[in-house]
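Chains as they are written, first to last, in my numbering: chain C, 105 to 508; chain B, 22 to 454. Glycine residues also receive a C-beta, built at the ideal position from the N, C-alpha and C atoms. Working notes for the structure below.
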């Protein structure tokens, strides 16, 4: 196929050509960035919490008398354990994807000078480490004597287990076991490292800090009460949770069950990422509408061109061009226009990304989105032009002899 | 003449139904998406108290230490400490002043056998209701003296009054909040400013229902009610927030002139300097933002909503470019007709006008379709789990704006094709025919 005659013809339809190219360029810019936004949203929802989500549920109580917290813990844990199918009930301060309870800044020295970031403390009574199903990669699981009494919101000194991500942040390239850190007067020593443990509000403080969690063993009591972790077989979990909520009314008539916080971890996760999924869905809708409109525009203009050139097509056919030649002519024409649109569109996509970066704290657009977007638009262009091009190829040579 | 153009446009649009439908659908989609997102954006960035917002100001002073402080760069904290709130309140340097925090109020049932429930509460001071124009259905607010004497009183919302008392006047009745008996002295009419400007940064939601109970700050604290949000700059006993190194209150003032604003800013600065001299403060920065500025500072409109609006307008732009292309195709196809009209004496501007009328008609039809799409889009948004979902409705302004956007975009789209059409020389077209 010769490109020269196609270019010559396009030069006579400069305005329409420029319009299609512009539409493609705009579509390319929006397409690349919208795809990138969708990908980052979806990636966010795939965070690994590090716990056996499908086995776990939580109950949160409020409104009870703090002075009777130990009594409440005893009543609730022993009462809920009676429920058939319940594997374990333990007292904890927070659960993944639930409400944050233990955010605090830590330092690597007792004087509080070397600030090391804001981390999340899971303060957990006996049984939680096993119930959560945390995967230990070095050190040891908490022992019975690790569970120290609470002083305010943490034990005053504790042997703790950190996530690998936090260990690498605090002590890069060194063995974290035995290392110490402080939070005000509270002192901690690392005795174990787990593969993953996401903080309740994943993503807080930037995507890199999602797993900055500390598992802190402690004795349930006045400052550690009201939130319970239930473990049961996934098939029985919804029923067990329902029974547990019903049982609370008898076990603790003085307390109020926080309905929204008392869910299976799977449901909490669903709710937590709902907005992200909706946004990803909306972006997908925009992309589909965008491609549809662009395709319709190409169909409209290409049809017009075919109709306008019926005589020329007839003449070409009459002097020996095959149907394939005509078909390829329109396909080449479309390819050239779309290519020029894509060239401009890549620049626009990059500019739009820069704008989004200043407005919404987005990362830079990875370069491979550009060729991917180009491929989609080339495909779309060819698909859209196929109908009109086939109609052009079907123009019989005899048209050449008609006048006007 | 206009009638004639209308007739011509109608005939031309009818002659090529597919192309016309394409243009209308394209434009309708773009307009529908833009109006939907614009409605939400306008709703979320609206003025909660249009009659008064220019006179309401949010005051900030900063009790934090030198840790992490960079002179001139660090903005003052968003909340203030109890000591400062009381000092500013008692200084009476503004027309009115209010300190407030949000709380969860545990309300005991009136009938035995029912469960206690939690409601959103506001712990505040006497001027709250007059300052924020909260209207009363029955009774009224409390006085500054009640604040100081920790009077056991409470103001409740219309919906709590409906729930507990079936809507009848409950003034004088007693409700039990956090195990303390409080006497109801006022019932509000429906009051839920959007955004919930006074709840901003206090740990509450930014949109949605109003609060259920309003209590004097010191009364609520005496009943062990905790603020929803607090931040401490040192290890603190958060059961004694009045003296702890913690910030947990918002502070609003009403000022009626620029001179008063300048004077109050000066007063805040002097206050910070005085506290530095006393050794309580380290940072001299203060801030006084009017209500709308405060909402902008705190980015009350979610990023996602702004992003959606931006996307929708990008989409509308593509739809307009698309319509330009299709209109161009249509008008070039009618070269002969234009040639004939020109030869019969039509002026260039008459041809131009004819094509603009045609573009405008496409626009109006696109606007109508866009309205349908927008209603559908808003229906979808109302079924989202967002806190503002229930508020997303098309009002008269947006209804009119839809047609304005439709008309403007179609006329902009029509400019180029109409100009091209008017530039055609009559002779060449006649010859070809």
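Query, Result
"Other residues of its chain near residue 158 of chain C: CB distance less than 7 Å, five sequence neighbours each side excluded", "338, 370"
"Touch test, the stretch 116 to 123 of chain B against the stretch 272 to 280 of chain B, Cβ-Cβ under 8 Å, three pairs minimum", "yes"
"Where residue 447 of chain B falls: helix, strand or coil (DSSP)", "helix"
"Any C-beta of chain C under 8 Å from that of residue 256 of chain B", "yes"
"Runs of beta strand (DSSP E) lying entirely within the stretch 234 to 320 of chain B, each at least 3 residues, in chain order", "234 to 237, 271 to 275, 307 to 311"
"Where the stretch 334 to 353 of chain B meets chain C: residues whose CB sits under 9 Å from a CB there", "335, 336, 338, 339, 340, 342, 343, 344, 345, 346, 347, 349, 350, 351, 353"
"Helix, strand or coil at residue 218 of chain C [DSSP, three-state]", "coil"
"Residue 319 of chain C, DSSP secondary structure in three states", "strand"
"Assigned secondary structure, residue 209 of chain C (DSSP; H/G/I helix, E/B strand, else coil)", "strand"
"Residue 188 of chain C burial status per 10 Å Cβ neighbour count (16 or more: buried)", "exposed"
"Residue burial classification, residue 170 of chain B (beta-carbon count within 10 angstroms, cutoff 16)", "exposed"
"Separation of residue 451 of chain C from residue 232 of chain B, as counted between CA atoms", "50 Å"
"Inter-stretch contact (C-beta, 8 Å, three-pair minimum) for the stretch 426 to 444 of chain B and the stretch 92 to 100 of chain B", "no"
"Cβ separation of residue 151 of chain C and residue 302 of chain C, assumed to be a contact under 8 Å, to the nearest whole Å", "6 Å"
"Option nearest residue 156 of chain B by Cα separation, candidates B:109, B:140, B:209", "B:209"
"Residue 166 of chain B beta carbon less than 8 Å from that of residue 142 of chain B", "no"
"Residue-chain proximity (residue 264 of chain B, chain C), Cβ-Cβ < 8 Å", "no"
"Chain C contacts from the stretch 402 to 421 of chain B (Cβ-Cβ distance under 8 Å)", "405, 406, 407"
"Residue 313 of chain C: contacting residues in chain B (beta-carbon distance under 9 Å)", "Within 9 Å Cβ-Cβ: nothing; residue 313 of chain C doesn't reach chain B, min ~17 Å."
"Where residue 263 of chain C falls: helix, strand or coil (DSSP)", "strand"
"DSSP-derived helix/strand/coil call for residue 416 of chain C", "helix"
"Stretch-stretch touch, CB-based, cutoff 8 Å, three pairs: the stretch 73 to 88 of chain B with the stretch 413 to 425 of chain B", "no"
"Three-state secondary structure assigned by DSSP to residue 157 of chain B", "strand"
"Segment limits, beta strand (DSSP E) that includes residue 272 of chain C", "Counting along the chain, residue 272 of chain C falls outside any beta strand (DSSP E), though it belongs to the alpha helix (DSSP H) covering 268 to 274."
"Own chain partners of residue 173 of chain B with C-beta closer than 8 Å, once the 5 adjacent residues on each side are dropped", "201, 202, 203, 204, 240"
"Of the residues C:122, C:482, C:214, the one placed nearest residue 347 of chain B, counting alpha carbons only", "C:122"
"Through-space distance from residue 214 of chain B to residue 69 of chain B, alpha-carbon basis", "5 Å"
"DSSP beta-bridge partners of residue 336 of chain B", "Residue 336 of chain B pairs with nothing; no bridge assigned."
"Residue from B:428, B:191, B:303 whose Cα sits closest to the Cα of residue 161 of chain B", "B:191"
"Of the residues C:334, C:391, C:383, C:478, the one placed nearest residue 368 of chain C, counting alpha carbons only", "C:334"
"DSSP three-state assignment for residue 78 of chain B, whether helix, strand or coil", "strand"
"Residues of its chain near residue 244 of chain C, where Cβ-Cβ distance is below 8 Å and the 5 sequence neighbours each way are ignored", "295, 296"
"6 Å Cβ shell around residue 323 of chain C - same chain, five flanking residues per side excluded", "251, 253"
"Contact set between the stretch 238 to 263 of chain C and chain B, restricted to residues whose Cβ is under 8 Å from the partner", "256"
"Spatial neighbours of residue 454 of chain B in its chain, beta-carbon cut-off 6 Å, leaving aside the 5 residues before and after", "Caution applies to residue 454 of chain B, whose pLDDT of 45 falls short of 50 and renders its modelled position unreliable; the value that the coordinates give is listed next. Here the set comprises 357."
"Beta-carbon neighbours of residue 131 of chain C, restricted to chain B and to distances below 7 Å", "339"
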